[in-house]
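Trainee: Under the working numbering, the first residue of the sequence shown carries the number -2, and numbering increases by one thereafter.
Using N, Cα and C, we set each Cβ at its ideal position, and we do this for glycine too.
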Amino acid sequence: MKKLLALCSALILCIGLLTGCGGSQQASSGSGSGSGDYHGALKGVELAVGTSGTYAPFSYFKEDGTTLTGYDIALVQKLQEILGFTIKDDKLQDMDYGPLGTSLSQGQLDVGAAALCATDERKKNMDFSDVYYDAGIVVIVAKDNNTIKSVDDLKSGKYKVAVQTGCAAYEYASKELPQECLQSFDSQALAYKAVEDGQADATLYDQPGTAYGIKTGKLNVKIVGDEFFKGQAPYTIAFSKNIVKKHPDIIKQFNAALKELKENGTLDQLKKEYVD
-2 MKKLLALCSA LILCIGLLTG CGGSQQASSG SGSGSGDYHG ALKGVELAVG TSGTYAPFSY
58 FKEDGTTLTG YDIALVQKLQ EILGFTIKDD KLQDMDYGPL GTSLSQGQLD VGAAALCATD
118 ERKKNMDFSD VYYDAGIVVI VAKDNNTIKS VDDLKSGKYK VAVQTGCAAY EYASKELPQE
178 CLQSFDSQAL AYKAVEDGQA DATLYDQPGT AYGIKTGKLN VKIVGDEFFK GQAPYTIAFS
238 KNIVKKHPDI IKQFNAALKE LKENGTLDQL KKEYVD
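1) If you drop the 5 nearest sequence neighbours on each side, which residues of the same chain put their C-beta closer than 6 Å to that of residue 154?
2) Based on DSSP bridge pairs, tell me the residues matched to residue 159.
3) For residue 248, report the span of its alpha helix (DSSP H) as first-last.
4) How close, in whole Å, do the beta carbons of residue 159 and residue 192 come, if the pair is a contact with beta carbons under 8 Å?
5) Flag this pair as yes or no: are the beta carbons of residue 234 and residue 108 separated by less than 8 Å?
6) Measuring only the C-alpha atoms, how far is residue 92 from residue 116?
7) With 16 other CB atoms within 10 Å as the buried threshold, where does residue 143 fall?
8) Considering just the uninterrupted stretch of the alpha helix (DSSP H) at residue 70, what are its terminal residues?
9) Going by Cα to Cα distance, which pick from 102, 188, 150 and 246 is closest to residue 164?
10) May I ask you to list the residues that DSSP assigns as paired with residue 237?
11) What ranges does the beta strand (DSSP E) occupy inside the stretch 96 to 145, keeping only unbroken runs of at least 3 residues that lie completely in it?
12) Alpha carbon to alpha carbon, how far is residue 79 from residue 35?
13) Pop quiz: residue 300 and residue 54 are said to be a contact at Cβ under 8 Å. What is the actual Cβ separation, rounded to whole angstroms?
14) Taking 8 Å as the cut-off, decide whether the C-beta atoms of residue 56 and residue 132 are in contact.
15) Rounded to whole angstroms, how far is the Cβ of residue 293 from the Cβ of residue 151, which I believe are closer than 8 Å?
16) I need the straight-line Cα distance from residue 139 to residue 51, nearest angstrom please.
17) Is residue 206 helix, strand or coil by DSSP?
18) Mind checking residue 252: buried by the 16 CB within 10 Å criterion, or exposed?
19) So which of 113, 62, 49 and 68 has the shortest CA-CA distance to residue 90?
20) Measuring CB atoms only, is the stretch 79 to 88 touching the stretch 211 to 227, in the sense that at least three cross pairs come out at less than 8 Å?
21) For residue 162, which residues in the same chain have their Cβ closer than 8 Å to its Cβ, ignoring the five residues on either side in sequence?
22) Taking residue 172 as part of the alpha helix (DSSP H), name the residues at either end of that continuous run.
23) Using the C-alpha atoms, what's the distance from residue 239 back to residue 202?
24) Specify the secondary structure class of residue 65 as computed by DSSP and reduced to three states.
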């Protein structure tokens, strides 16, 4: 009987040890993959996060000229609350889109949150999360322009179209519109100005940013026709290759947090607060 009891005790102890190892591995795998308890998965991890304060309503400066606000800024805060990471120097680094892309490609930044589209060209140098906002592009003309009604009118080649290089609108225009009618600019602000000053008949750009500029009186233009090219300008979180190598599960963890924010209605709330 004593031998039997000893044998049973040994078996129970072994089962307990095996269960403990399995539980530990499962918890680690769940946290690391984003499929389990991803809350606090990046606690103690410091990330250099960059944005651009030039694209309202997603990331822009308040009237004081020093405080960043917008959809993307609030989104980063929500992700930080869920995942537990800290931001280097407790401050998002603001820069133009060109330097932002370069900093991510070279690993000077870990994360980029600035309404960045996951283009094939960018995927060569950085990685991306799932889509958190799907924006289409629109045709923008001067307020007194009543001849251009939609993007189909621009395909005739009769009109000068201002476009910002490197964006989704430029990608569309370079493929779908006559090359001889395109005017390229380094920034969308210059493209808007070309339309306002009569140097160009129209410009193409993302609907949310354009609508916000018109609503707030910062743009003296109007949108004509319907939003198009949807699905081709999805906004995502960008990651440097270096940070993904250092934390292989970081994208899965961000994706899990983004999914939670979508399912609990937070993304809709941010859209209503900053975009609509």
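Mentor: The short version:
1) 175 and 178
2) Beta-bridge partners of residue 159 (DSSP): 180 and 200.
3) Residue 248: member of the alpha helix (DSSP H) spanning 247 to 260, first to last residue.
4) 6 Å
5) yes
6) 20 Å
7) exposed
8) 68 to 80
9) 188
10) BP columns for residue 237 point to 123.
11) 108 to 114, 123 to 125 and 134 to 139
12) 8 Å
13) What is shown of the chain runs -2 to 273, which leaves residue 300 out entirely.
14) no
15) As shown, the chain starts at -2 and ends at 273. That puts residue 293 outside it, with no answer to give.
16) 22 Å
17) helix
18) A residue is called buried when at least 16 other Cβ atoms come within 10 angstroms of its Cβ; residue 252 meets this threshold and is buried.
19) 49
20) With a cut-off of 8 Å, the stretch 211 to 227 and the stretch 79 to 88 do not count as touching, because too few Cβ pairs lie within range.
21) 181, 182 and 183
22) 165 to 173
23) 31 Å
24) strand
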